[in-house]
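Engineer: Numbering (the numbering used here), first residue to last: 196 to 468. Beta carbons are placed, not taken as given, at the ideal position from N, Cα and C, and that holds for glycine. Mind having a look at this structure? Questions to follow.
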Amino acid sequence: MLHQSVAIDTNSIWFILSSRILLLDGKVALITGSTQGIGLAIAKEFAEHNGATVIVCSRSKDKARRAAALLNGKTDYASIDVTSDASIVKSMTKVLASHKHIDILVNNAGFPFERKIWYKSLDQISITALKDILEVDTVGSVRMTKTVIGSMLASKRGGVIVNISSTPAMYGHFEGAPYTMAKAAIVALTKHIAREYGKRNIRAYTLMLGNIATEATYKFMTREERLKGAQEAAMKRWGRPEEVAKVAACVSSDYFSFATGNTVVIDGGAEMS
196 MLHQSVAIDT NSIWFILSSR ILLLDGKVAL ITGSTQGIGL AIAKEFAEHN
246 GATVIVCSRS KDKARRAAAL LNGKTDYASI DVTSDASIVK SMTKVLASHK
296 HIDILVNNAG FPFERKIWYK SLDQISITAL KDILEVDTVG SVRMTKTVIG
346 SMLASKRGGV IVNISSTPAM YGHFEGAPYT MAKAAIVALT KHIAREYGKR
396 NIRAYTLMLG NIATEATYKF MTREERLKGA QEAAMKRWGR PEEVAKVAAC
446 VSSDYFSFAT GNTVVIDGGA EMS
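Here it is in C-alpha coordinates:
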(Lines of atoms letter the chains of each structure in order from A; the text may use other names.)
(Lines give C-alpha, C1' and ligand atoms only; values in the text may rest on other atoms or scores of the structure.)
Protein backbone atom coordinates (compact mmCIF):
# COMPACT_ATOMS: atom_id res chain seq x y z
CA MET A 196 0.00 0.00 0.00
CA LEU A 197 1.32 3.40 -0.94
CA HIS A 198 1.22 6.15 1.65
CA GLN A 199 1.21 9.71 0.42
CA SER A 200 2.56 12.29 2.78
CA VAL A 201 0.62 15.51 3.04
CA ALA A 202 2.31 18.74 3.96
CA ILE A 203 0.44 20.67 6.65
CA ASP A 204 0.24 24.39 6.08
CA THR A 205 0.25 25.72 9.63
CA ASN A 206 -0.52 29.24 8.43
CA SER A 207 -3.71 28.01 6.75
CA ILE A 208 -4.77 26.13 9.87
CA TRP A 209 -4.18 29.22 12.01
CA PHE A 210 -6.23 31.30 9.60
CA ILE A 211 -9.13 28.82 9.77
CA LEU A 212 -9.03 28.66 13.56
CA SER A 213 -8.72 32.39 14.03
CA SER A 214 -11.19 33.52 11.38
CA ARG A 215 -14.34 32.24 13.05
CA ILE A 216 -17.18 34.70 13.14
CA LEU A 217 -17.01 37.21 15.95
CA LEU A 218 -20.61 38.30 16.40
CA LEU A 219 -19.79 41.52 18.24
CA ASP A 220 -16.47 42.50 16.70
CA GLY A 221 -15.84 46.23 17.13
CA LYS A 222 -18.82 46.75 19.45
CA VAL A 223 -18.66 48.35 22.89
CA ALA A 224 -20.93 46.65 25.44
CA LEU A 225 -21.82 47.84 28.94
CA ILE A 226 -23.25 45.19 31.29
CA THR A 227 -24.68 46.15 34.67
CA GLY A 228 -24.30 43.74 37.59
CA SER A 229 -21.58 41.85 35.76
CA THR A 230 -19.15 40.77 38.48
CA GLN A 231 -20.81 37.40 39.04
CA GLY A 232 -23.49 35.03 37.83
CA ILE A 233 -25.33 35.72 34.59
CA GLY A 234 -23.81 39.17 34.17
CA LEU A 235 -20.25 37.85 34.40
CA ALA A 236 -21.09 35.01 32.01
CA ILE A 237 -22.42 37.53 29.48
CA ALA A 238 -19.32 39.68 29.88
CA LYS A 239 -17.11 36.63 29.30
CA GLU A 240 -19.09 35.53 26.23
CA PHE A 241 -19.02 39.00 24.70
CA ALA A 242 -15.32 39.69 25.34
CA GLU A 243 -13.68 36.29 24.97
CA HIS A 244 -15.74 34.68 22.23
CA ASN A 245 -17.33 37.49 20.23
CA GLY A 246 -14.84 40.35 20.03
CA ALA A 247 -16.65 43.06 21.97
CA THR A 248 -15.05 45.61 24.24
CA VAL A 249 -16.84 44.95 27.52
CA ILE A 250 -17.34 47.39 30.38
CA VAL A 251 -17.87 45.39 33.56
CA CYS A 252 -20.07 47.22 36.09
CA SER A 253 -20.76 46.97 39.79
CA ARG A 254 -21.58 49.32 42.64
CA SER A 255 -18.10 48.42 43.94
CA LYS A 256 -15.26 49.74 41.80
CA ASP A 257 -12.89 47.12 43.22
CA LYS A 258 -15.25 44.25 42.39
CA ALA A 259 -15.71 45.58 38.85
CA ARG A 260 -11.95 45.93 38.39
CA ARG A 261 -11.25 42.40 39.68
CA ALA A 262 -13.97 40.86 37.51
CA ALA A 263 -12.72 42.69 34.40
CA ALA A 264 -9.21 41.40 35.10
CA LEU A 265 -10.50 37.81 35.02
CA LEU A 266 -11.62 38.14 31.41
CA ASN A 267 -9.55 37.69 28.31
CA GLY A 268 -10.11 40.20 25.55
CA LYS A 269 -10.80 43.93 25.60
CA THR A 270 -12.31 45.03 28.90
CA ASP A 271 -12.82 48.05 31.09
CA TYR A 272 -14.73 48.59 34.32
CA ALA A 273 -17.01 51.15 35.93
CA SER A 274 -18.60 51.74 39.30
CA ILE A 275 -22.34 52.22 38.74
CA ASP A 276 -25.17 52.21 41.26
CA VAL A 277 -28.31 51.87 39.13
CA THR A 278 -30.43 53.38 41.93
CA SER A 279 -28.52 56.67 41.75
CA ASP A 280 -28.83 59.19 38.92
CA ALA A 281 -25.66 60.91 40.13
CA SER A 282 -23.67 57.66 40.05
CA ILE A 283 -24.88 56.83 36.54
CA VAL A 284 -24.12 60.27 35.13
CA LYS A 285 -20.68 60.40 36.74
CA SER A 286 -19.65 56.94 35.56
CA MET A 287 -21.14 57.24 32.09
CA THR A 288 -19.33 60.54 31.55
CA LYS A 289 -16.04 58.73 32.18
CA VAL A 290 -17.02 55.71 30.07
CA LEU A 291 -18.01 57.82 27.08
CA ALA A 292 -14.86 59.91 27.38
CA SER A 293 -12.84 56.71 27.00
CA HIS A 294 -14.96 54.76 24.52
CA LYS A 295 -16.90 57.50 22.67
CA HIS A 296 -20.07 55.40 22.33
CA ILE A 297 -21.96 52.39 23.71
CA ASP A 298 -23.30 49.92 21.14
CA ILE A 299 -24.88 47.42 23.53
CA LEU A 300 -26.44 47.86 26.96
CA VAL A 301 -27.37 44.81 29.02
CA ASN A 302 -29.59 45.74 31.97
CA ASN A 303 -28.70 42.80 34.16
CA ALA A 304 -28.44 44.38 37.64
CA GLY A 305 -31.17 43.06 39.87
CA PHE A 306 -32.23 42.96 43.49
CA PRO A 307 -30.71 39.87 45.15
CA PHE A 308 -32.81 36.79 45.85
CA GLU A 309 -34.01 36.90 49.45
CA ARG A 310 -35.92 34.01 50.95
CA LYS A 311 -37.81 36.27 53.36
CA ILE A 312 -39.22 38.18 50.37
CA TRP A 313 -39.67 35.33 47.90
CA TYR A 314 -41.44 32.85 50.17
CA LYS A 315 -44.43 35.05 50.95
CA SER A 316 -47.84 35.22 49.34
CA LEU A 317 -49.06 38.47 47.80
CA ASP A 318 -51.15 39.41 50.85
CA GLN A 319 -48.06 39.05 53.08
CA ILE A 320 -45.53 41.12 51.14
CA SER A 321 -44.41 44.49 52.38
CA ILE A 322 -44.68 47.58 50.20
CA THR A 323 -41.16 48.49 51.29
CA ALA A 324 -39.79 45.24 49.81
CA LEU A 325 -41.75 45.85 46.60
CA LYS A 326 -40.34 49.37 46.28
CA ASP A 327 -36.80 48.16 46.94
CA ILE A 328 -36.99 45.57 44.16
CA LEU A 329 -38.68 47.94 41.71
CA GLU A 330 -36.01 50.56 42.39
CA VAL A 331 -33.22 48.22 41.29
CA ASP A 332 -34.78 46.02 38.60
CA THR A 333 -37.25 48.38 36.96
CA VAL A 334 -36.29 51.97 37.73
CA GLY A 335 -32.60 51.06 37.54
CA SER A 336 -33.09 49.68 34.04
CA VAL A 337 -34.99 52.81 33.03
CA ARG A 338 -32.23 55.06 34.41
CA MET A 339 -29.54 53.20 32.48
CA THR A 340 -31.63 53.09 29.33
CA LYS A 341 -32.31 56.83 29.38
CA THR A 342 -28.62 57.62 29.68
CA VAL A 343 -27.32 55.11 27.15
CA ILE A 344 -30.02 55.79 24.56
CA GLY A 345 -28.99 59.43 24.67
CA SER A 346 -25.43 58.45 23.71
CA MET A 347 -26.70 56.07 21.01
CA LEU A 348 -28.78 58.83 19.45
CA ALA A 349 -25.90 61.29 19.64
CA SER A 350 -23.45 58.94 17.95
CA LYS A 351 -26.01 57.99 15.26
CA ARG A 352 -24.65 54.42 15.34
CA GLY A 353 -27.85 52.97 16.75
CA GLY A 354 -27.52 50.19 19.27
CA VAL A 355 -29.03 47.29 21.16
CA ILE A 356 -30.56 47.14 24.63
CA VAL A 357 -31.04 43.75 26.30
CA ASN A 358 -33.21 43.59 29.40
CA ILE A 359 -33.31 40.65 31.81
CA SER A 360 -36.68 39.38 33.03
CA SER A 361 -37.98 36.06 34.34
CA THR A 362 -40.80 33.68 33.45
CA PRO A 363 -43.15 34.57 36.35
CA ALA A 364 -43.54 37.96 34.61
CA MET A 365 -45.40 36.16 31.83
CA TYR A 366 -47.00 33.21 33.59
CA GLY A 367 -47.35 34.27 37.24
CA HIS A 368 -46.11 32.31 40.22
CA PHE A 369 -47.14 31.11 43.67
CA GLU A 370 -44.55 33.27 45.46
CA GLY A 371 -42.22 36.19 44.96
CA ALA A 372 -44.83 38.70 43.77
CA PRO A 373 -42.50 41.75 44.08
CA TYR A 374 -39.99 40.11 41.74
CA THR A 375 -42.76 39.17 39.32
CA MET A 376 -44.10 42.71 39.13
CA ALA A 377 -40.65 44.24 38.67
CA LYS A 378 -39.77 41.83 35.88
CA ALA A 379 -43.13 42.28 34.15
CA ALA A 380 -42.42 46.00 33.84
CA ILE A 381 -39.13 45.11 32.14
CA VAL A 382 -41.05 43.48 29.28
CA ALA A 383 -43.02 46.67 28.78
CA LEU A 384 -39.83 48.72 28.82
CA THR A 385 -38.36 46.58 26.05
CA LYS A 386 -41.41 46.93 23.84
CA HIS A 387 -41.53 50.67 24.36
CA ILE A 388 -37.87 51.08 23.41
CA ALA A 389 -38.35 48.94 20.32
CA ARG A 390 -41.44 50.84 19.17
CA GLU A 391 -40.21 54.35 19.87
CA TYR A 392 -36.59 54.05 18.75
CA GLY A 393 -36.73 51.46 15.98
CA LYS A 394 -36.60 54.21 13.37
CA ARG A 395 -33.31 55.37 14.91
CA ASN A 396 -31.74 51.91 14.50
CA ILE A 397 -32.04 51.03 18.19
CA ARG A 398 -33.25 47.51 18.92
CA ALA A 399 -34.40 45.99 22.23
CA TYR A 400 -34.96 42.49 23.58
CA THR A 401 -36.11 40.83 26.77
CA LEU A 402 -34.43 37.64 27.90
CA MET A 403 -37.04 35.91 30.06
CA LEU A 404 -35.26 33.40 32.25
CA GLY A 405 -36.49 30.26 33.92
CA ASN A 406 -34.45 28.39 36.52
CA ILE A 407 -30.82 29.36 35.97
CA ALA A 408 -28.22 28.01 38.40
CA THR A 409 -26.54 31.14 39.73
CA GLU A 410 -24.97 31.94 43.08
CA ALA A 411 -27.80 34.37 43.75
CA THR A 412 -30.47 31.64 43.68
CA TYR A 413 -29.22 28.06 43.40
CA LYS A 414 -26.62 28.47 46.15
CA PHE A 415 -29.23 29.41 48.75
CA MET A 416 -31.73 26.65 47.95
CA THR A 417 -32.13 23.33 49.71
CA ARG A 418 -31.49 20.08 47.84
CA GLU A 419 -35.24 19.48 47.64
CA GLU A 420 -35.84 22.93 46.16
CA ARG A 421 -33.15 22.38 43.54
CA LEU A 422 -34.61 19.02 42.52
CA LYS A 423 -38.10 20.50 42.31
CA GLY A 424 -36.82 23.36 40.16
CA ALA A 425 -35.12 20.95 37.76
CA GLN A 426 -38.34 19.01 37.27
CA GLU A 427 -40.20 22.12 36.10
CA ALA A 428 -38.35 22.15 32.77
CA ALA A 429 -38.97 19.77 29.88
CA MET A 430 -35.18 19.27 29.84
CA LYS A 431 -35.30 18.26 33.53
CA ARG A 432 -32.36 20.39 34.58
CA TRP A 433 -31.38 23.90 35.55
CA GLY A 434 -29.99 26.24 32.92
CA ARG A 435 -26.44 27.54 33.03
CA PRO A 436 -25.43 31.22 32.96
CA GLU A 437 -23.30 30.46 29.91
CA GLU A 438 -26.41 29.38 28.01
CA VAL A 439 -28.08 32.71 28.71
CA ALA A 440 -24.90 34.50 27.64
CA LYS A 441 -24.88 32.86 24.21
CA VAL A 442 -28.44 34.00 23.54
CA ALA A 443 -27.53 37.52 24.68
CA ALA A 444 -24.66 37.57 22.18
CA CYS A 445 -26.92 36.41 19.35
CA VAL A 446 -29.65 39.00 19.86
CA SER A 447 -27.03 41.73 20.30
CA SER A 448 -25.47 40.90 16.94
CA ASP A 449 -26.38 41.98 13.43
CA TYR A 450 -27.89 38.54 12.85
CA PHE A 451 -31.00 39.93 14.58
CA SER A 452 -30.99 43.17 12.58
CA PHE A 453 -34.68 42.93 11.55
CA ALA A 454 -36.04 41.66 14.85
CA THR A 455 -36.84 43.90 17.80
CA GLY A 456 -39.15 44.04 20.81
CA ASN A 457 -38.92 40.27 21.17
CA THR A 458 -39.21 38.31 24.40
CA VAL A 459 -36.87 35.32 24.25
CA VAL A 460 -37.80 32.67 26.81
CA ILE A 461 -34.85 30.67 28.16
CA ASP A 462 -36.33 28.10 30.53
CA GLY A 463 -35.58 24.63 29.17
CA GLY A 464 -39.17 24.21 28.04
CA ALA A 465 -40.83 24.79 31.40
CA GLU A 466 -43.49 27.05 29.94
CA MET A 467 -44.63 26.79 26.34
CA SER A 468 -47.21 29.02 24.64
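Within 10 Å of its beta-carbon, does Tyr-272 have 16 or more other beta-carbons around it, so buried, or fewer, so exposed?
Structural biologist: Classification of Tyr-272: buried, given that the 10 Å Cβ count is 16 or more.
Engineer: Does Thr-278 come out as helix, strand or coil in the three-state DSSP assignment?
Structural biologist: Note: Thr-278 maps to coil in three-state DSSP.
Engineer: Closer than 7 angstroms by C-beta to Arg-390: which residues in its own chain qualify, once you throw out the five before and the five after it? Chain order, please.
Structural biologist: Closer than 7 angstroms at the Cβ level, and outside the excluded window around Arg-390, lie Gly-456.
Engineer: Take every Cβ of the segment 256-275, pair it with every Cβ of the segment 284-292, and state whether three or more of those distances are shorter than 8 angstroms.
Structural biologist: Yes, since at least three Cβ pairs between the segment 256-275 and the segment 284-292 fall closer than 8 angstroms, the two stretches touch.
Engineer: Would you mind sorting Ala-349 into buried or exposed? The rule is 16 or more other CB atoms within 10 Å of its CB.
Structural biologist: Classification for Ala-349: exposed.
Engineer: Would you tell me roughly how many angstroms separate the C-alpha atoms of Ala-436 and Leu-217, rounded to the nearest one?
Structural biologist: The sequence shown places Pro at residue 436, rather than the Ala named in the question. Going from the Cα of Pro-436 to the Cα of Leu-217 covers about 20 angstroms.
Engineer: Anyone know if the C-beta pair for Phe-238 and Asp-298 falls short of 8 angstroms?
Structural biologist: Position check: residue 238 holds Ala in this sequence, whereas Phe was assumed. The answer is no: Cβ separation not under 8 angstroms.
Engineer: Could you tell me if Asn-358 is buried or exposed, where buried requires 16 or more neighbouring beta carbons within 10 angstroms of its beta carbon?
Structural biologist: Answer is buried; the Cβ neighbour count reaches 16.
Engineer: Near Gln-199, what residues of its chain come up, given a Cβ to Cβ distance below 8 angstroms and the 5 sequence neighbours on each side ignored?
Structural biologist: Here Gln-199 scores only 43 on pLDDT, less than 50, and its place in the model is too uncertain to base an answer on.
Engineer: Say whether the segment 445-465 touches the segment 400-408, bearing in mind that this needs 3 or more beta-carbon pairs closer than 8 angstroms, one atom from each stretch.
Structural biologist: Verdict: yes, contact present.
Engineer: Taking Asn-303 as the reference, which of Glu-309, Ile-356, Ala-465 and Phe-369 has the closest Cα?
Structural biologist: Cα-wise, what sits closest to Asn-303 is Ile-356.
Engineer: Look at Trp-433 and Gly-371 and say whether their C-beta atoms are less than 8 angstroms apart.
Structural biologist: No, these two residues do not count as a Cβ contact at 8 angstroms.
Engineer: Write down the C-beta distance between Lys-378 and Asp-332 rounded to the nearest angstrom, noting that I regard them as a contact closer than 8 angstroms.
Structural biologist: Between Asp-332 and Lys-378 the Cβ distance is about 6 angstroms, and since that is below 8 angstroms, they are a contact.
Engineer: Rounded to whole angstroms, what's the CA-CA distance from Phe-369 to Ser-316? Just pull it up for me.
Structural biologist: Phe-369 and Ser-316: Cα-Cα distance of roughly 7 angstroms.
Engineer: Would you give the residue range spanned by the alpha helix (DSSP H) that Leu-402 belongs to?
Structural biologist: Counting along the chain, Leu-402 falls outside any alpha helix (DSSP H), though it belongs to the beta strand (DSSP E) covering 397-404.
Engineer: Quick one, which of Leu-422, Gly-246 and Lys-394 has its alpha-carbon nearest Ser-448's?
Structural biologist: The option with the nearest alpha carbon to Ser-448 is Gly-246.
Engineer: Following the continuous alpha helix (DSSP H) through Ser-448, name the residue where it begins and the one where it ends.
Structural biologist: From DSSP, Ser-448 is part of no alpha helix (DSSP H); its letter is neither H nor E.
Engineer: If you draw a straight line from the C-alpha of Met-365 to the C-alpha of Leu-219, how long is it?
Structural biologist: So the two alpha carbons sit approximately 29 angstroms from each other.
Engineer: For the putative contact between Val-337 and Leu-384, defined by C-beta atoms under 8 angstroms, what is the C-beta separation to the nearest angstrom?
Structural biologist: Confirmed, Cβ separation roughly 6 angstroms.
Engineer: Measuring CB to CB, does Ile-397 end up less than 8 angstroms from Met-347?
Structural biologist: In contact: Ile-397 and Met-347 (Cβ atoms closer than 8 angstroms).
Engineer: Taking Cys-445 as the reference, give the member of Val-301, Ser-279, Ile-250 and His-296 with the closest Cα.
Structural biologist: Among Val-301, Ser-279, Ile-250 and His-296, the Cα nearest to that of Cys-445 is on Val-301.
Engineer: So what does DSSP say about Thr-346, is it helix, strand or coil?
Structural biologist: Inspection of the sequence shows that residue 346 is occupied by Ser rather than by Thr. Residue state, collapsed to three classes: helix.
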